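Chemist: The following block contains the structure, expressed as structure tokens.
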Amino acid sequence: MIRSLVLILIFGAALWAMPPQGKKKVSENSKMTDATFSGLTFRGIGPAIASGRIGDFAVDPQQPHRYYAAVASGGVWKTINSGTTWEPVFDGQGSYSIGCITLDPANPEVVWVGTGENNSQRSVGYGDGVYRSLDGGKTWKHMGLKTSEHIGMIRIDPRNSAVIYVASQGPLWSNGGERGLYKSTDGGESWQRILYVDEYTGVSEVHFDPRDPDVLYASAYQRRRHVWTLINGGPGSAIYKSSDAGATWRKLETGLPAGKMGRIGMAVSPADPDIVYAIVEAQEKLGGFFRSTDRGESWEKRSGYVSGSPQYYQELFCDPRDPERVYSMDTWMMVTEDGGQNFRQVGERYKHVDNHALWIDPHNTDYLLAGCDGGVYESFDRGATWAFKANLPITQFYKVSVDNDAPFYNIYGGTQDNNTLGGPSRTHTNNGITNREWFFTLGGDGFETQIDPEDPNILYSQYQYGGLNRYDKRSGELIDIRPQPGKGEPALRWNWDAALIISPHLHTRLYYGANILFRSDDRGDTWRAVSPDLTRQLDRNKLPVMDKVWPIEAVAKNKSTS
């Protein structure tokens, strides 16, 4: 009640301060500046019971207890003690979304960061180019490529630190931008685009031959996302090779799918650099796991294995000592020990799924450092068992909400793949808010959470594509209340993140939006439609994407929509 009164007074004062109709001049005293909010301070309240999505690692190979974690929506974090403690080192920069991170092989204090996640999922964050630190992350300088939006990979020539290659996927939701493979010969002060396909095709990866860094392999990646669809491939996707440090390029085709390809993950074996692996998404089941034993000149399809969602995973990591052992990032991490003929799942019984990053200790290949949607994990037995780094607070919240509980209100939020969580805003103890005071209300990806304004024990939590549950904190009762179509009616169509509100006029009344708006007056026990189909009745398969209408067999068409 006190908070409500404060809000009324604040908004009332704001309305009183508004100029009369037609008066254009705004008082200097009414303008909001930094000083307006200077008295407000943030305090950490948690939760630390879950972590969040990791995009990449950069590990000092001579001191593997010192490494950086690139976070999908949380900047860059550094540890100097194998994850016992962490320090955020990228706060205050132009982007919080990180796609890749690389250390200079000649000087691990020089750190390169590519912003913008390097996947094409619906919840992806974009960036503003490339950054460099010369002092181990203490200070940063923006090094350009501002309109790249999604950096896939950065490589530094081990012979010359002034030579840097940046694989830019380019914008996901539009054409153009700085996309392709870029090269700098002056430490990032200027860039030259050395590989360009078209305005919809970027470069996802670039790899050296470790014996001769003038030999480069690059995977071009064509894709475009709209709210209604995803096309995750096309004629632009391909593998290219250069033998002269990027001056000229050849498309590698012998043995690779002749049809339109999608995202291609690659890896050069450190144990035998003549061997190059590629995991290829392609239409009409032409994709699979490919191997070249002649430096990319010809390819053999070893199996039909492709990651479950190539737009989200599709990255390979070779064992530094065994040319037959390759790890594939996937929903469940997969490994082959016979060069791709067979794959098995590593042990993930007590590990979060959805894998994106891996570092293999070159001095002890039993040690793995993995990054997934759940955070950072390490294994000392080649993935049979895992230990969770539980102290990295990087949970991604889609939305947050508060209740009217007393003496302290509670905060709720739906997270990216780490459940829907709730916890108190304050506590009576001197220790502050602890993990035990936070709790789960629902699993999976969470979105909107709404709380009954008159009964803070009743709350509503969502999950993907219209899932909706009512949770009673007192009893622990959890009930599925998602509206269902009537007998003989077509299936409902839901957004990934559906709209939910509680009526300000009646606390038991809910409104929930699919292609039809639903209303419930009894907290979701029953529903009735209060609108016709509100969509535009367009056939999305007839809408142009990348300047053409694509056939239904196009790569990943309509997959992973928003």
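Numbering (my numbering), first residue to last: 1 to 562.
Backbone N, C-alpha and C define an ideal beta-carbon position, used for all residues, glycine too.
Computed from a prediction, not measured in an experiment: that's the story for all the values here.
Taking R528 and R519 to be in contact with their CB atoms under 8 Å, please state how far apart those CB atoms are, rounded to whole angstroms.
Modeler: Within the sequence shown, residue 528 is the residue found at index 528, counting from 1. Within the sequence shown, residue 519 is the residue found at index 519, counting from 1. About 6 Å separates the two Cβ atoms, so the contact holds.
Chemist: Taking the alpha carbon of T434 as the reference point, which residue from N515, N391 and L216 has its own alpha carbon closest?
Modeler: The count along the sequence shown starts at 1 and reaches residue 434 at position 434. Checked all of N515, N391 and L216; the closest Cα to T434 is N391.
Chemist: Which same chain residues end up closer than 6 Å to S238 when comparing Cβ atoms and leaving out the 5 residues on each side of it in sequence?
Modeler: Taking the first residue of the sequence shown as 1, we reach residue 238 at position 238. Residue identity differs from the one stated: residue 238 is Ala in this sequence, not Ser. Closer than 6 Å at Cβ, skipping near neighbours: A220 and K251.
Chemist: In the DSSP assignment, what are the bridge partners of A499?
Modeler: What you label residue 499 is simply residue 499 of the sequence shown in a count that begins at 1. BP columns for A499 point to G513.
Chemist: I need the straight-line Cα distance from L517 to H142, nearest angstrom please.
Modeler: For the purposes of this step, residue 517 is taken as the residue at position 517 of the sequence shown. For the purposes of this step, residue 142 is taken as the residue at position 142 of the sequence shown. In a straight line, the C-alpha of L517 is about 46 Å away from that of H142.
Chemist: M325 and P273: beta carbons closer than 9 Å?
Modeler: Indexing the sequence shown from 1 puts residue 325 at position 325. Indexing the sequence shown from 1 puts residue 273 at position 273. One point to set straight first is that residue 325 is Arg, not Met, in the sequence displayed. No, the pair does not count as a contact, with Cβ atoms beyond the cut-off.
Chemist: Could you pull the start and end residues of the beta strand (DSSP E) that I479 belongs to?
Modeler: Walking along the sequence shown from the start, residue 479 turns up at place 479. L478 to D480 is the extent of the beta strand (DSSP E) around I479.
Chemist: Got a sec, what are the start and stop residues for the beta strand (DSSP E) T254 sits in?
Modeler: What you label residue 254 is simply residue 254 of the sequence shown in a count that begins at 1. Here T254 belongs to no beta strand (DSSP E), and DSSP marks it neither H nor E.
Chemist: For N355, does the count of other Cβ atoms within 10 angstroms reach 16, so buried, or fall short, so exposed?
Modeler: Stepping through the sequence shown from its first residue, residue 355 is reached at position 355. Buried, since its Cβ has 16 or more Cβ neighbours within 10 Å.
Chemist: In terms of residue numbering, what span does the beta strand (DSSP E) encompassing A278 cover?
Modeler: By 1-based counting over the sequence shown, the position of residue 278 is 278. Run containing A278: V276 to A282, per the beta strand (DSSP E) assignment.
Chemist: Quick check on this structure: which residue in V376, K548 and Y412 has the alpha carbon closest to the alpha carbon of W359?
Modeler: In the sequence shown, counting from the first residue as 1, residue 359 sits at position 359. Of the candidates V376, K548 and Y412, the one whose C-alpha sits nearest the C-alpha of W359 is V376.
Chemist: Please report how far the alpha carbon of T449 lies from the alpha carbon of L492, in whole angstroms.
Modeler: Taking the sequence shown and counting its residues from 1, one reaches residue 449 at position 449. Taking the sequence shown and counting its residues from 1, one reaches residue 492 at position 492. Roughly 21 Å separates the two Cα atoms.
Chemist: What are the start and end residues of the beta strand (DSSP E) that includes A357?
Modeler: On the sequence shown, position 357 is the one that residue 357 refers to. Note, A357: beta strand (DSSP E), N355 to I360.
Chemist: With H, G and I counted as helix, E and B as strand and the rest as coil, what does DSSP make of Q341?
Modeler: To locate residue 341, count along the sequence shown from 1; it is residue 341. The answer is coil: DSSP assigns Q341 none of H, G, I, E or B.
Chemist: Quick check on V227: buried or exposed, where buried means 16 or more other Cβ atoms within 10 Å of its Cβ?
Modeler: Looking up residue 227 in the sequence shown gives position 227. It is exposed - the Cβ of V227 has fewer than 16 other Cβ atoms within 10 Å.
Chemist: Does DSSP put G466 in a helix, a strand or coil?
Modeler: In the sequence shown, residue 466 corresponds to position 466, counting from 1. Looking at G466 - three-state DSSP - the assignment turns out to be helix.
Chemist: State the beta-bridge partners of Y582 as determined by DSSP.
Modeler: Because the chain is modelled from 1 through 562, residue 582 falls outside the range shown and cannot be assessed.
Chemist: I'd like to know if the region 91-99 and the region 121-138 are in contact, where contact means that at least 3 CB-CB pairs between them fall below 8 Å.
Modeler: Short answer: they touch.
Chemist: For I156 and G92, what's the separation of their Cα atoms in angstroms?
Modeler: Sequence index remark: in the sequence shown, residue 156 carries index 156 (1-based). Sequence index remark: in the sequence shown, residue 92 carries index 92 (1-based). Their Cα atoms are separated by approximately 25 Å.
Chemist: Just to confirm, are R179 and S148 a CB contact at a threshold of 9 Å?
Modeler: Taking the sequence shown and counting its residues from 1, the one referred to as residue 179 is at position 179. Taking the sequence shown and counting its residues from 1, the one referred to as residue 148 is at position 148. A contact, by the Cβ cut-off of 9 Å.
Chemist: Taking 9 Å as the threshold (C-beta atoms), are T441 and L468 in contact?
Modeler: For this step, residue 468 is matched to residue 468 along the sequence shown. For this step, residue 441 is matched to residue 441 along the sequence shown. No.
Chemist: Find the nearest neighbour of A357 within the set E489, K473, N175 and G265, judged by alpha-carbon distance.
Modeler: Stepping through the sequence shown from its first residue, residue 357 is reached at position 357. Among E489, K473, N175 and G265, the Cα nearest to that of A357 belongs to G265.
Chemist: On the DSSP letters alone, give me the boundaries of the beta strand (DSSP E) that H207 sits inside.
Modeler: Working through the sequence shown from its first residue, we reach residue 207 at position 207. Taken as a continuous stretch (DSSP letters only), the beta strand (DSSP E) holding H207 covers T201 to D209.
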